[in-house]
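Numbering (the working numbering), first residue to last: 8 to 186.
The beta carbon of each residue, even a glycine, is placed where N, CA and C say it ideally should be.
Here the structure is a predicted model, which means the values were calculated and not measured.
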């Protein structure tokens with residue numbers, strides 16, 4: 008039954024640590040069809056995410072034990088690298104299986120641009136007009152918009168679910184509008 012304090016019937020988690028193509032593996036782990044070692048290996052977790060597995064494993068253990076679905080929300084590394092090296096215009100065909108349409112990847116958010124420029128500047132680049140920064144910014148926005156699209160799509164299909172998204176601060180700040 009629903010209450011006024013918690014009107015949702017089901018909890019759902021979204022994780023930045025897993026990329027969208029690996030949803031079937033995540034589902035198999037949560038269903039008890041594969042073990043944790045297989046999930047880590049087959050999802051290429053250690054090469055696709057730079058933080059220790061041990062930091063996130065308890066989240067998945069809890070989800071598995073309590074039958075809480077988990078959404079693999081992140082952009083595939085290959086697509087992010089492509090955008091970072093060649094720009095958004097390089098995306099085509101199958102790239103859009105896991106990222107929003109190009110016209111929904113909005114690179115016109117000036118406050119977000121300034122925030123990322125500050126972070127980028129700490130790595131030695133200061134010109135906001137540099138091609139390198141523009142591609143970096145486009146890749147970051149692609150990352151953020153992909154996660155937001157995954158969450159929004161799930162919510163549209165499952166409006167009674169309460170979604171808990173576990174992601175970094177930058178990602179949360181840039182994609183509130185979509186969700």
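Here residue 20 has 66, 70, 75, 76, 77, 78, 170, 171, 172 and 173 as same chain residues with Cβ atoms under 8 Å from its own Cβ, once five neighbours each way along the sequence are excluded. In the same chain as residue 42, and ignoring 5 residues on each side of it, the C-beta atoms closer than 8 Å to its own belong to 36, in chain order.
Sequence-distant partners of residue 145 (beyond 5 residues in either direction) whose C-beta falls short of 7 Å from its own C-beta, in its chain, are 90, 94, 95 and 114. Residue nearest to residue 108 within the set 98, 128 and 126 is 98 (criterion: CA-CA distance).
Residue environment analysis places residue 137 among the exposed positions, since fewer than 16 neighbouring C-beta atoms fall within 10 angstroms of its C-beta. Residue 27 and residue 84 have their alpha carbons spaced roughly 10 Å apart.
In the three-state reduction of the DSSP assignment, residue 98 falls in the coil class, being assigned neither a helical nor a strand state.
Within the same chain, and ignoring the five residues on either side of residue 30 in sequence, the residues whose Cβ sits closer than 6 Å to its Cβ are 79.
For residue 62, the enclosing alpha helix (DSSP H) starts and ends at 60-72.
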